[in-house]
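Protein sequences appear in the order of chains A and B.
For the first sequence, the numbering used here begins at 233 and goes up steadily by one.
For the second sequence, the numbering used here begins at 11 and goes up steadily by one.
Each residue gets a CB set at the ideal place from its N, CA and C atoms; glycine is no exception.
This one's a predicted model, so the numbers in the text were calculated from it and none came from an experiment.
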Amino acid sequence: MQAPHPNDPRYIDWLVKLAEANRAQGVIEEPRLFWDVVTLRDEDPLVTDYTGNVFENGEQFPVRLTHVVMAPRPAWGAESPFSDERLIQRVSLRLRFHDTFYMNNLLLPAPLWVNKTIAAPASVSQGSAHWILDRPVILSARDTLSVEVQPETNALDADTTYNVAVSFTGVGLLSKRPYFFGSSKQFTDANVNSTQFTPTDMKNDGTEPIAITDVGFTVDAGDQVSTNAGDVRRWRFQIRQIGNGTQRTWFFQPTGETLCPGQLLGISQGRAIVHRFPGDGMIWQPGEGVQAQAAALTSGTEGMDFLLGFAGYIAIK
Amino acid sequence: MAALGPSPIPVAGRSPAGGALYEPRGFWDIATLNTAAGSTRQGPAGEINVRKLNRENFRNGARWPIILTRMVLCPVGYQLTEFDTTPDGTAVTYHNDAISAITGAEVIIAAPQRQNYNKRYLYSRSWVPRPTSDPNMSLVKASPYASSLFGVSRLAFDRPLVLPSKGALEIGVGGFIAPGAAFGVLSTPNLAPLDGWIHVEERGGIWPGSSRDKQIVVRATDHPTIFPWQPDSFGSTAGNTAQTIIPQAGMFTANEFLKQNPERGRAGGNVFEAINVFIDQITRDDAYQDSSTTDVPTSPIVPLACNVPCSARCRIGGTGEYWWRPNAPLALMFNELTPGLVYDLPIPITLTPGDCLDIALRMPWRASVLINDVPTTVSPQYQLGVAFTGFAVIEG
């Protein structure tokens, strides 16, 4: 049965039935987002090499991918090229899976991949990223969610205090009542290390399992700016369930970076280009994956870092 | 890799055993109202700010029923989304923007000699539209004037379109009217051709789907008289005199469409679900910041989707009929991602062969504003596109 829209009155019933069915069969479903940075070439050949084994399911269980997400990654600091978000229009991309291209053997401009409306109201559009999970995450009694946050390099202004917040929405499997979890932290440019939100803020202290359905990140512009419209691109995040679940982080990057840039997490509401795979998406069995090639379409984007991500969930029995 | 069983989305279309074919359809017209006294674009006497649209443009002249599911309102012919300047008594400065046209319109929909869909004028600003917009640019510090973040328009079919394995579509995107001298001098010519793409999505294959794509060129043209709409109060500029409304450079022809068939030899038809059109107007947006006219720089710019015409039809397979009267504004017919306002009709309207709709628009009238503390009558002009979109049910 296709999931009803979250605004549909039948949504909660569907959610509870799905979670109970999974629990009865011993199935765990957990979000996954595979991401990497593709640096566009600034010399011939302009098309990048294939991304190799970057976007690959390295776990022991199948992963269903439902979305492709892409966004430019600006450089911050004194010299900040590629800060214009519109430059995403001048990036082209194609994917390859078992020697078959998607969506075309041509490298297609990123805007052609848009098939999902993710625009938020203007007041929060730049400062928030929201993901309605394809499958709920079951937060059992005494479980918690570990959420880390870190600013991008040189992204914070001096002598400025920033507020960053995370929130989760869920439904009780027994009571069917809504649950809200959230936490916030303050940052200055003096503290740019990865920090964890207070775990007890996201702990299920109750007696019933909770199906977590949404995760959202909200940031502000800092206390030195008169208009408080933040920029989620300045921040990176990571999530892991503690207790039940797989205990693994939800966002994967093959080398180096452990936290995922905030703009890639706006899969339901944000400012990234979001492409929903038709139908039920695609499944990566263990060891399967896709390769990507990208190219700058015109001058102004050569050398730009381009973020590419595949979002979905892992199913473990 | 395998997709998880059959798609949950029913592939409604021509099954091997026969059945209905669903093709996109749309009806549209442009309402132009010049509030200047004596203007030939005034409405009939009595309610002089009412525009009754030509009912023949909303008539189902085909042999099969057409089910309309959405209504779209879109300002047409404007250069700026918002032109916030002190009115000086000229049409150039008062309500010469897209927001003024669309927020002032009120609509009545009726089936002639039968019934009204609504008996009172509907305020467009109080009927909740679908979310169809790009992420907003107005709070982006570096480029609050930018027309949009992605520059893409999308038409998602109400029902998948199933064509034979060698079926083909033909889609065209035209040029635009460049602003005239009232827009001010630009240091960068605003007539430079723009890059664009036409993209058609289909289902099937080892991936969940695939696409067929064509790169196009979108150019300025200086023929406002051949366009179905007029320029706004900024007027028009001489441009490409040889260009037709939809030139060859903007066409995705059936031959080109066929050459990209990814499923050659596969039994059964091809299932098409959506079309995206992308126009890169970043350079044009940035060039508009060079205008010498007060307040034009930094004013949000209208996406070109509101100002370029388009056409679409099946050329091989399907009915071969144009899906809508050619040269409709792109933003008016592409109703999934568009700068226009898209409303779901609470109950779809079925137009049987020969049926038509009567559409009337009531638009704002001339106003009295204070200019240097003196009440002054200003006579703006408004231009709004109205469309109804849906699908035809063609019996196999």
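Exercise. What are the boundary residues of the alpha helix (DSSP H) that B:LEU342 is part of?
Worked result: 340–343
For this session: Compare the C-beta of A:ILE350 with all C-beta atoms of chain B and state if any pair is closer than 9 Å.
Result: yes
For this session: Identify every residue that forms a DSSP beta bridge with B:VAL306.
Result: DSSP output for B:VAL306 lists no bridge partner at all.
Problem set entry | Through-space distance from A:PHE509 to A:ALA259, alpha-carbon basis | First, the amino acid is wrong: residue 259 of chain A is Val here, not Ala. Their backbone Cα atoms lie some 23 Å apart in a straight line.
Problem set entry | For A:ALA361 and A:PRO493, the rounded distance between their alpha carbons | 10 Å
Exercise. Which value, in whole angstroms, describes the spacing of the CA atoms of A:ILE548 and A:SER407?
Worked result: 26 Å
For this session: Identify the contact partners of B:PRO141 in chain A, using a Cβ-Cβ distance below 7 Å as the criterion.
Result: THR349 and ALA351
Exercise. Helix, strand or coil: how does DSSP classify B:VAL150 here?
Worked result: coil
Exercise. Does the separation of the CB atoms of B:VAL388 and B:THR100 fall below 9 Å?
Worked result: yes
Exercise. Using 9 Å as the limit for Cβ to Cβ distance, is B:PRO349 near chain A?
Worked result: no
Problem set entry | CB contact check: B:GLU33 to chain A, cutoff 9 Å | no
Problem set entry | Against chain A: residues of the region 159–175 of chain B by CB proximity under 9 Å | LEU159, PHE160, GLY161, VAL162, ARG164 and ALA166
Problem set entry | Runs of alpha helix (DSSP H) wholly within the region 318–395 of chain A (minimum 4 residues, chain order) | 354–357
Exercise. A:GLY521: which of A:GLN382, A:ALA256, A:GLU275 and A:TYR282 sits nearest, CA to CA?
Worked result: A:TYR282
Exercise. Quick one, which of B:PRO75, B:TRP334, B:GLY182 and B:LEU165 has its alpha-carbon nearest B:ASP365's?
Worked result: B:PRO75
Problem set entry | Neighbour-count burial assignment, A:HIS330, 16 or more Cβ in a 10 Å radius | exposed
Exercise. Using a beta-carbon distance cut-off of less than 9 Å, what residues from the region 219–243 of chain B approach chain A?
Worked result: GLY219, SER220, SER221, ARG222, ASP223 and GLN225
Exercise. In or out: A:THR284 buried (at least 16 other Cβ within 10 Å) or exposed?
Worked result: Checking the displayed sequence, the identity of residue 284 of chain A turns out to be Gly instead of Thr. Result: exposed.
For this session: Output the distance between the C-alpha atoms of B:ASP368 and B:ARG164, rounded to the nearest integer angstrom.
Result: 27 Å
Problem set entry | Min CB distance A:ASP245 to chain B below 9 Å | no
Problem set entry | Run of the beta strand (DSSP E) containing B:GLY245, from where it starts to where it stops | First-last for B:GLY245: undefined, no H or E at that position.
Exercise. So what does A:PRO410 bridge to, in DSSP terms?
Worked result: A:VAL403
Exercise. Could you give the distance in angstroms between the alpha-carbon of A:ARG242 and the alpha-carbon of A:GLU261?
Worked result: 21 Å
Problem set entry | Cβ contact check for the region 374–385 of chain B and the region 220–227 of chain B: 3 or more pairs under 8 Å | no
Problem set entry | Local Cβ density within 10 Å of A:HIS237, reported as buried at 16 or more and exposed below that | exposed
For this session: Please go through the same chain and pick out, in chain order, the residues whose beta-carbon is closer than 8 Å to the beta-carbon of A:ALA390, but skip the five residues on each side of it.
Result: ASP421
Exercise. Mapping DSSP to helix, strand and coil, what is A:GLN495?
Worked result: helix
Problem set entry | Residue ranges of each beta strand (DSSP E) within the region 162–194 of chain B, 3 or longer | 162–173 and 178–183
Exercise. Is the beta carbon of B:LEU348 less than 9 Å from the beta carbon of B:ALA402?
Worked result: According to the sequence displayed, residue 348 of chain B carries Thr and not Leu. Taking 9 Å as the Cβ cut-off, B:THR348 and B:ALA402 do not qualify as a contacting pair.
Problem set entry | Close Cβ partners of B:LEU361 (< 6 Å) along its chain, the five nearest in sequence each way excluded | ASN70 and ILE76
For this session: Label A:ASP245 either buried or exposed according to how many other C-beta atoms from any shown protein chain fall within 10 Å of its C-beta, with 16 as the threshold for buried.
Result: exposed
For this session: Just mark B:ALA397 as buried or exposed, buried being the case when its beta carbon has 16 or more other beta carbons within 10 Å.
Result: buried
For this session: Quick one: measure Cβ to Cβ for B:ILE289 and B:LEU204, integer angstroms, because I've assumed they're closer than 8 Å.
Result: 6 Å
Exercise. B:ASN265 lies in the alpha helix (DSSP H); which residues open and close that run?
Worked result: 264–269
For this session: Answer yes if the region 374–393 of chain A comes into contact with the region 168–175 of chain B, meaning at least three C-beta pairs across the two stretches below 8 Å, and no otherwise.
Result: no
Exercise. Pairing CB atoms from the region 460–468 of chain A with CB atoms from the region 439–447 of chain A, are three or more of them under 8 Å?
Worked result: no
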